[in-house]
Every structure is written in C-alpha cells, then in structure tokens.
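Here is the structure we will look at, set down as structure tokens.
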Amino acid sequence: MASNPDILCIGSVLWDVIGRSASHMRQGSDVPGRITRLPGGVALNIAMTLARFGLHPALLSAVGRDAEGDELVASCAQLGLDTTHLYRSDDLPTDRYMAVEGANGLIAAIADAHSLEAAGSKILRPLTSGPLGSTDAPYDGPVALDGNLTLRLLTEIAESPAFAAARLYVAPASPGKAERLSPFVSHTRGQLFLNLEEANLLCQARHTTSEAAAEALLNRGAARVLVTNGPNAACDGSAAGLVTGQPPEVLVTRVTGAGDTFMAAHIAAELRGEDRATALDTALQAAAHYVSGDTSL
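Heads up, the sequence shown is in the working numbering, so the first residue is 48 and it goes up one at a time.
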C-alpha cells in the first residue's frame, strides 16, 4: 500500500445487500432471484473503481468496531484501499444499504448511514489536524466526496480552509440527498456529478435534458457540473462551455453503483490528463460496461 494516497474518498463505507431478479417487478412482487452482500457505499464504490484504474485511494469514513466492520475493513484492504484513516467507533454499528432490482431497474432502496451521520466531523480529523492536512497546511490533492454526510458537515467542508486547496469531486449519493450539495453551488466550489433527477432537485426545476440542467446549475453559481440522463446525452458544464457525450447502447443487468463508476472513471481520466470530451466519453464507456455486467476496465 502506498504511504501517500493518490486521492481521498470521503463518505459512506458500508455493506451493500442487493436483491436482483430477472423479472419485471412492481410493489408487492415476490419473485425468485439472487441476494448478494458486497462492500459498498458511494465513497467505497468510487475508491474500488479508482483502484481498478491503478490509483491508490484512501478512505475517510466511519466503520464500527463490530464483526461486520472488521470484515469490511479487511475486504477493503484486500481490494488495495488505504483504510488507515477510517474512524472506528466502539459505539456505532457498521452502516448498511439494501436495494431490490428487477428487469425494469431499481425498485426500491434504503440507505442506513446513521453511523456516518452520527460520527460527523470526526471522520475529517486526518484532514483538519493531521496527518493528511490541517487548516494551516491544507491538503492539496483530489478528494471524492459523497452526499451521505449531513448538510451541516457538507457546509463545513464547502467553507473550511482545510479544503481550500483540494480538488473536490462531489456526488449526492441519491436523489433524496441531492439538495445537501447546495453549499457547493452557493460557494462555487467543487465538481458536481448528478443524474438529471438530482440536478433538477438541486436547481429546483424540471429540465428534460442534461444540457439544460447543467446550464441552470452554472447560472446558480456551480463551478462545474456533470449531468447524466440514463441512455440519453450526458453533459459536462463549466465556465468554458458545455460538452456533451452519448452513452453506448447496452443491455442493462444492474444499476446500483453505476453513477459511482461513472464518477470514478471520469476522475481517473482527468487525472491522466484527458481533455473534457475524452474524459466524458471514457466515463460513459465505463458506466456502460458496468451496467451491462462487464467489470473489465
């Protein structure tokens, strides 16, 4: 494990419990399928994909000192992730996420990230009081951040001098948490990764295209936004203008984690020096491989 990580991933690190069925489902459906438990959470999903691209991510999150937490930390280490800076709590249980997916997509999901929210700013201690940085000597590398943190903590990050030199990449974690990213819009900080529903919630509108949503967020103060729209065109918007890309057509076999894969692939592409159009295409290709069930990168 590299002593100095290439990127920090801050947010949810938990167990994903996913039930998948090849059948179309509706409310009340009871169908055969498969149930899996895998390491997950937005920050962890991003870190795992970054590691597959050859980067060395470090995790900042809250994980319980319970049996599930010990197993999760061991799994992360085996995946090549730096777990040195995790906040391990004696009182808080390891968080979990549960989702049900059918042939017609995500049916329902529940994210139990209460321990991450309860830990609050304790997970940021390596950045505010060393060894990774401090308010006097802020961390100046890339940081992937997810919206499973509380609005209060996200506001603190958007305003804190400890993050003033960091290159922030921010995702909302789910549509229900999209509005938590408003501090990054109002403070014109960070690069936001959103799907169209999340973008519309954040800009309080009903745009039908990624381009329109991206432009609206830029007008509200966002520094840079990447908006995806399922099989339709995605958009990268900044003061330099709008860049669009079309996702490849694939057979969708899973959806949970697709946005995290898109974000991680885009970060890795830009860190390699790819231009905006190429990085957007790289990320769309990676997400398409993921939802088709192909994890090769």
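Glycine residues also receive a C-beta, built at the ideal position from the N, C-alpha and C atoms.
At the level of alpha carbons, what is the spacing between residue i and residue j?
{"i": "Asp309", "j": "Val297", "result": "For the sequence presented, residue 309 should be read as Phe rather than Asp. The alpha-carbon atoms of Phe309 and Val297 are separated by roughly 15 Å."}
{"i": "Ala252", "j": "Val232", "result": "15 Å"}
{"i": "Thr197", "j": "Ala109", "result": "13 Å"}
{"i": "Glu321", "j": "Gln332", "result": "14 Å"}
{"i": "Pro178", "j": "Asn242", "result": "35 Å"}
{"i": "Thr141", "j": "Glu203", "result": "24 Å"}
{"i": "His254", "j": "Ala263", "result": "9 Å"}
{"i": "Ala335", "j": "Pro295", "result": "6 Å"}
{"i": "Ala225", "j": "Cys250", "result": "10 Å"}
{"i": "Val274", "j": "Ala246", "result": "7 Å"}
{"i": "Leu119", "j": "Trp62", "result": "7 Å"}
{"i": "Ala281", "j": "Leu327", "result": "8 Å"}
{"i": "Asn195", "j": "Gly58", "result": "6 Å"}
{"i": "Pro185", "j": "Glu244", "result": "34 Å"}
{"i": "Asp53", "j": "Asp77", "result": "44 Å"}
{"i": "Leu133", "j": "Ile314", "result": "22 Å"}
{"i": "Leu55", "j": "Thr130", "result": "11 Å"}
{"i": "Arg323", "j": "Ala98", "result": "22 Å"}
{"i": "His161", "j": "Arg143", "result": "9 Å"}
{"i": "Gly268", "j": "Thr235", "result": "6 Å"}
{"i": "Ala155", "j": "Val302", "result": "12 Å"}
{"i": "Ser229", "j": "Ala305", "result": "23 Å"}
{"i": "Ser257", "j": "Gly80", "result": "34 Å"}
{"i": "Asn276", "j": "Ala259", "result": "11 Å"}
{"i": "Ile157", "j": "Ile170", "result": "23 Å"}
{"i": "Met33", "j": "Ser168", "result": "In the structure as shown, the chain begins at 48 and stops at 344. Residue 33 is therefore absent and cannot be evaluated."}
{"i": "Ala211", "j": "Asn51", "result": "19 Å"}
{"i": "Gln125", "j": "Leu289", "result": "39 Å"}
{"i": "Asn151", "j": "Ser122", "result": "31 Å"}
{"i": "Glu164", "j": "Val60", "result": "12 Å"}
{"i": "Ala191", "j": "Gln74", "result": "35 Å"}
{"i": "Val64", "j": "Thr325", "result": "34 Å"}
{"i": "Arg172", "j": "Ala205", "result": "16 Å"}
Starting from residue i, trace the beta strand (DSSP E) both ways and give me its first and last residue.
{"i": "Leu241", "result": "238-242"}
{"i": "Leu61", "result": "61-67"}
{"i": "Ser136", "result": "134-136"}
{"i": "Arg143", "result": "143-149"}
{"i": "Leu107", "result": "104-107"}
{"i": "Leu55", "result": "54-57"}
{"i": "Leu153", "result": "152-159"}
If residue i and residue j are in contact, beta carbons under 8 Å, what's the gap, nearest whole angstrom?
{"i": "Asp193", "j": "Ala94", "result": "Asp193 to Ala94, Cβ: 11 Å. No contact."}
{"i": "Ser339", "j": "Thr291", "result": "Not really, about 22 Å apart at Cβ, beyond 8 Å."}
{"i": "Gly101", "j": "Ile82", "result": "The Cβ separation is near 32 Å, so there is no contact."}
{"i": "Ala316", "j": "Thr329", "result": "4 Å"}
{"i": "Leu174", "j": "Ala146", "result": "In fact, because the Cβ distance is near 30 Å, the residues do not count as touching under 8 Å."}
{"i": "Gly149", "j": "Ser68", "result": "5 Å"}
{"i": "Leu215", "j": "Gly188", "result": "No, Leu215 and Gly188 are not in contact; Cβ-Cβ is about 11 Å, not under 8 Å."}
{"i": "Pro222", "j": "Leu248", "result": "6 Å"}
{"i": "Gly111", "j": "Ser70", "result": "Actually they do not touch by this definition, with Cβ atoms about 35 Å apart."}
{"i": "Leu106", "j": "Leu128", "result": "6 Å"}
{"i": "Val272", "j": "Ala261", "result": "5 Å"}
{"i": "Thr96", "j": "Asp307", "result": "7 Å"}
{"i": "Leu139", "j": "Ala114", "result": "Contact doesn't hold; Cβ gap of about 14 Å is too wide."}
Give the range of the alpha helix (DSSP H) segment to which residue i is assigned.
{"i": "Ala114", "result": "114-125"}
{"i": "Thr89", "result": "As written in the sequence, residue 89 is Val, which differs from the Thr given in the question. Here the alpha helix (DSSP H) through Val89 covers 89-99."}
{"i": "Leu174", "result": "172-175"}
{"i": "Arg267", "result": "257-267"}
Determine which residues share a DSSP beta bridge with residue i and list them.
{"i": "Ala324", "result": "Answer is none; Ala324 lacks a bridge partner."}
{"i": "Thr83", "result": "Ile65"}
{"i": "Val190", "result": "Leu55, Leu215"}
{"i": "Ser339", "result": "None, per the DSSP bridge assignment."}
{"i": "Val78", "result": "None; Val78 has no bridge partner."}
{"i": "Phe168", "result": "According to the sequence shown, residue 168 is Ser rather than Phe. Its beta-bridge partners do not exist; DSSP assigns none."}
{"i": "Asp129", "result": "Ala105"}
{"i": "Ser181", "result": "Ser176"}
Looking at residue i and the ligand COA, is the gap between the Cβ and the nearest heavy atom below 7 Å?
{"i": "Asp53", "result": "The ligand COA is not part of the structure shown, which contains no ligands of any sort."}
Margin query: Give the list of continuous beta strand (DSSP E) stretches no shorter than 3 residues that lie fully inside the stretch 269-310.
Written below: 271-276, 279-285, 288-292
Checklist line | Ranges of the alpha helix (DSSP H) found wholly within the stretch 199-248, counting only runs of at least 4 | finding: Runs found: 229-233.
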